[in-house]
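Sequence lines, in order, name chains A and B.
Mapping of the first sequence onto this note's numbering: residues -16 to 360, in sequence order.
Mapping of the second sequence onto this note's numbering: residues 50 to 349, in sequence order.
One structure is given here, and the rest of the page talks about it.
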Amino acid sequence: MKRTVLLALLTAVILMIGSGIADAKTLKLGTMGPLTGPYAADGNDIKNGAQTAVDVILEQGGIPGFDDIELLPQDTACDPRQAVASANKLINEEANGVVGSYCSSATLPASEVLDEEDIIMITPASTNEQVTSRGLPYMFRMCGRDDDQGTIAIDFMQQMLDTKTIYIVDDKTAYSQGLADNVEKLAEKRGLKVLGHEHVNQGDKDFSAILTKVKSMNPDVYYMSMQNSATGALMLIQSKRMGIDADVVAQDAVYHPQLIEIAKDAAEGVYLTFGFIDDNAPAYKEFLNKYKPKYGDPGAYSGYAYDSAMSYLKAVKAAGTTDPVKVKAALMKLDYDGATKHIKFKPNGDSGSNYIIRKVQDGKFINYWNPATGKLY
Amino acid sequence: MEYFFQQLINGVTLGGIYALIALGYTMVYGIIQLINFAHGEFFAAGGYVGVIFMSYLAAQGAPIWLCLGGSLLLTMCYCAMLAMAVEKVAYKPLRNSSRLSVLLSALGMSIFLQNGLMLTQGVYDKAYPSELTSGGFEFGTVMLSYMQIFIFCITAFLLVALNTLVFKTRIGKAMRSTAQDKIMSALVGINSNRIISLTFAIGAGLAAAAGIMVGLYYGSVRYDMGFVPGIKAFAAAVLGGIGNITGAMIGGFIIGMVEIFAAGYISGEYKDVFAFIILIAVLYFRPTGIMGENIDDTRV
Chain A
-16 MKRTVLLALL
-6 TAVILMIGSG
4 IADAKTLKLG
14 TMGPLTGPYA
24 ADGNDIKNGA
34 QTAVDVILEQ
44 GGIPGFDDIE
54 LLPQDTACDP
64 RQAVASANKL
74 INEEANGVVG
84 SYCSSATLPA
94 SEVLDEEDII
104 MITPASTNEQ
114 VTSRGLPYMF
124 RMCGRDDDQG
134 TIAIDFMQQM
144 LDTKTIYIVD
154 DKTAYSQGLA
164 DNVEKLAEKR
174 GLKVLGHEHV
184 NQGDKDFSAI
194 LTKVKSMNPD
204 VYYMSMQNSA
214 TGALMLIQSK
224 RMGIDADVVA
234 QDAVYHPQLI
244 EIAKDAAEGV
254 YLTFGFIDDN
264 APAYKEFLNK
274 YKPKYGDPGA
284 YSGYAYDSAM
294 SYLKAVKAAG
304 TTDPVKVKAA
314 LMKLDYDGAT
324 KHIKFKPNGD
334 SGSNYIIRKV
344 QDGKFINYWN
354 PATGKLY
Chain B
50 MEYFFQQLIN
60 GVTLGGIYAL
70 IALGYTMVYG
80 IIQLINFAHG
90 EFFAAGGYVG
100 VIFMSYLAAQ
110 GAPIWLCLGG
120 SLLLTMCYCA
130 MLAMAVEKVA
140 YKPLRNSSRL
150 SVLLSALGMS
160 IFLQNGLMLT
170 QGVYDKAYPS
180 ELTSGGFEFG
190 TVMLSYMQIF
200 IFCITAFLLV
210 ALNTLVFKTR
220 IGKAMRSTAQ
230 DKIMSALVGI
240 NSNRIISLTF
250 AIGAGLAAAA
260 GIMVGLYYGS
270 VRYDMGFVPG
280 IKAFAAAVLG
290 GIGNITGAMI
300 GGFIIGMVEI
310 FAAGYISGEY
320 KDVFAFIILI
330 AVLYFRPTGI
340 MGENIDDTRV
């Protein structure tokens, strides 16, 4: 008898605690990106960027209705299978929204899984066209698109470098090869001569054979489409040593402070296509003030990750709930100046490309050419 | 023709590096019939320790020859000691167990060392001081950098030194006899444990030298850099006839050359495939590898 009473009491206590937890709601924001492996630098940038957005929102008083915002960082290692596993893990941990991932080859399968559970995903870094062209209702993108990026690279080569011949090298990822193929197609359409399109393997360190080929072809422009900035740096060091004097044009995945750190002098004069970021914009300064003391100089995608997380949190705040339909409606209504760009999503989930040409000069990335005006900065 | 010569230079440089790593595989196999899968990690560790020593020496304002030579020597010693420690912990207790358990222990050690590097050194690339590696000779359009000459010289020196050690000295004689018959050599007064330790140390020292040269040549090192060259060097050792020192050197150069020429003349995408096709072809027609024979005394 005594035991029954005790048991009933215990049950009551557990139920009370249980309901207490249910009342204390935590908003769970997942992030996906490669935290280990060759692309770890970019994955950590994404995690840190999203964390900074969470910190800022919490400092501003959080989101009404939620006690706390928790970040759930997942490692995709840029591997499609691991990306799907991470997506499932986030579903199990009941993440409300996801910022990620980095590699398009990881984002594409992971987004299918998340979409089945109606979880909103905003990618800060995947530029492959298919990310938003599949018609997934809950897929958004903060960065630009490869087709726009390729067009601007070719525009720049023709208008500013007076290019007649180009040589293309990529490293066979969905992203880097997709972009390189775009550039090749467009170059041929515009009357440029493509002297060759070679592929290297991910993780290669020795590019001497390929670079010897490039040198013997003597192209005007050497188009370097690498998924990884450290690999890009190795390639630049080796091409400098080989004595290749073609102009080097690279893309946004090669864009990272570590490119200059490793390649040093060899990086001088490299042109890169990258989204325009106004360093003087108040939102960017606010982001930088929060980010820099904690993590150092922001990486290529720290800002985009910050804006992605910020947009999601703002949308939840506006909707007052995490219900995906309502959050999506709020996301589509967003219209504000983010740290990296003006944020206004299009019906397909894209936020628009704003690629410009940046150049490495005196050990720094500088804004170099504006394709909209066709003029130098 | 200039194109060919440039690729030849590239191939010899890469081949020399593979040869140095392959020697460690072959020596360890020769003496205790173990394929030391942790060997690639000694190479990676060499690259890391090298950059630490070199940056330190360069920051102290040491002249270039001291930076290169000093850090090379220190790194080789460090990795030799690391290898001896690994041997004590992971292989010695299993000396009399089945070969499979030692192999698993080697795989485990490889993962342990790689993760150790990752946790202590971070996931980012570490850059070598670049001012040491610039410059070179130019013959027409063919470039021969100082770094490549440095790699040729050091590789050649180490290969000759190793050959002299193994075939001309008492220690070498002890190594060869231990490889032939551990029990009999112990009976005539050779401390086989010490000889095995020494073999590990020498192999790891050579791999560390390769690691530091790769770091200098390519400009940076990363914690997982040991895996792919480790596999290629293992292939080189097998190609040359595992257990055979001369074979490992030749195998290393063949793998390096095939890789570069396949990338230069056929396709960069499939260069690894060609290297392994050669390996399979050689093993198919000559299962003991190029220099491998069934007579035991050619082993270490």
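Glycine is no exception: its CB is placed at the ideal position from the N, C-alpha and C atoms.
All values reported here derive from a predicted model rather than from experimental measurement.
Contact check, residue i vs residue j, beta carbons under 8 angstroms
i              : j              : result
residue 184(B) : residue 177(B) : no
residue 203(A) : residue 134(A) : no
residue 423(B) : residue 261(B) : Residue 423(B) is absent from the structure shown; chain B starts at 50 and stops at 349.
residue 60(B)  : residue 299(B) : no
residue 135(B) : residue 264(B) : no
residue 159(A) : residue 218(A) : no
residue 79(B)  : residue 292(B) : yes
residue 329(A) : residue 317(A) : no
residue 44(A)  : residue 303(A) : no
residue 123(B) : residue 102(B) : yes
residue 351(B) : residue 253(B) : Residue 351(B) is absent from the structure shown; chain B starts at 50 and stops at 349.
residue 89(B)  : residue 279(B) : yes
residue 144(A) : residue 230(A) : yes
residue 172(A) : residue 77(A)  : no
residue 14(A)  : residue 83(A)  : yes
residue 343(A) : residue 103(A) : no
Residue i: first and last residue of the uninterrupted beta strand (DSSP E) it sits in
i              : result
residue 9(A)   : 9 to 16
residue 104(A) : 103 to 106
residue 233(A) : 230 to 233
residue 255(A) : 254 to 258
residue 348(A) : 347 to 353
residue 193(A) : Premise fails: residue 193(A) lies in the alpha helix (DSSP H), 191 to 200, not in any beta strand (DSSP E).
residue 184(B) : Unbroken run through residue 184(B): none, as it is neither H nor E.
Per-residue burial, residue i [other beta carbons within 10 Å of its own, 16 or more giving buried]
i              : result
residue 126(A) : buried
residue 5(A)   : At residue 5(A) the pLDDT is 49, less than 50, meaning the model places this residue with poor confidence; the figure from the coordinates comes in the next sentence. Residue 5(A) is exposed by the Cβ-count criterion.
residue 170(A) : buried
residue 202(B) : exposed
residue 187(B) : exposed
residue 227(B) : buried
residue 346(B) : Confidence at residue 346(B) is low in this model, with a pLDDT of 49, below 50, so its placement is unreliable and no value can be given for it.
residue 146(B) : exposed
residue 322(B) : exposed
residue 209(B) : exposed
residue 276(A) : exposed
residue 265(A) : exposed
residue 358(A) : exposed
residue 333(B) : exposed
residue 200(B) : buried
residue 82(B)  : exposed
Extent of the continuous alpha helix (DSSP H) to which residue i belongs
i              : result
residue 245(B) : 241 to 267
residue 95(A)  : 87 to 99
residue 318(B) : Premise fails: residue 318(B) is in no alpha helix (DSSP H) and is neither H nor E.
residue 343(A) : Run containing residue 343(A): none in the alpha helix (DSSP H); it sits in the beta strand (DSSP E), 338 to 344.
residue 290(B) : Careful: residue 290(B) lies outside any alpha helix (DSSP H) and carries neither H nor E.
residue 233(B) : 231 to 236
residue 290(A) : 285 to 302
Residue from the options whose Cα sits closest to the Cα of residue i
i              : options                        : result
residue 104(B) : 212(B), 90(B), 92(B), 120(B)   : 120(B)
residue 189(B) : 334(B), 53(B), 296(B), 278(B)  : 53(B)
residue 56(B)  : 270(B), 85(B), 197(B), 118(B)  : 197(B)
residue 207(A) : 255(A), 188(A), 51(A), 78(A)   : 255(A)
residue 144(B) : 290(B), 317(B), 266(B), 241(B) : 241(B)
residue 396(A) : 191(A), 112(A), 281(A), 157(A) : A question about residue 396(A) goes unanswered here, because the residues of chain A that appear run from -16 up to 360.
residue 26(A)  : 358(A), 356(A), 212(A)         : 212(A)
residue 245(A) : 301(B), 325(B), 282(B), 267(B) : 267(B)
residue 345(A) : 263(A), 41(A), 243(A)          : 243(A)
residue 313(A) : 321(A), 301(A), 331(A), 320(A) : 301(A)
residue 171(B) : 20(A), 273(A), 101(A)          : 20(A)
residue 272(B) : 338(B), 287(B), 334(B), 162(B) : 162(B)
residue 215(A) : 226(A), 46(A), 199(A), 232(A)  : 232(A)
residue 353(A) : 292(A), 151(A), 337(A)         : 337(A)
residue 198(A) : 164(A), 331(A), 71(A), 178(A)  : 178(A)
Only counting runs of 4 or more residues, tell me where the alpha helix (DSSP H) segments fall wholly within the segment 133 to 173 of chain B, in order along the chain. 148 to 170
Which complete alpha helix (DSSP H) runs does the segment 187 to 226 of chain B hold, if anything under 4 residues is left out? 195 to 217
4 or more residues per run - each alpha helix (DSSP H) lying fully within the segment 17 to 96 of chain A: 23 to 42, 63 to 75
Can you give, in chain order, each stretch of the alpha helix (DSSP H) that sits fully within the segment 109 to 133 of chain A and has at least 4 residues? 113 to 116
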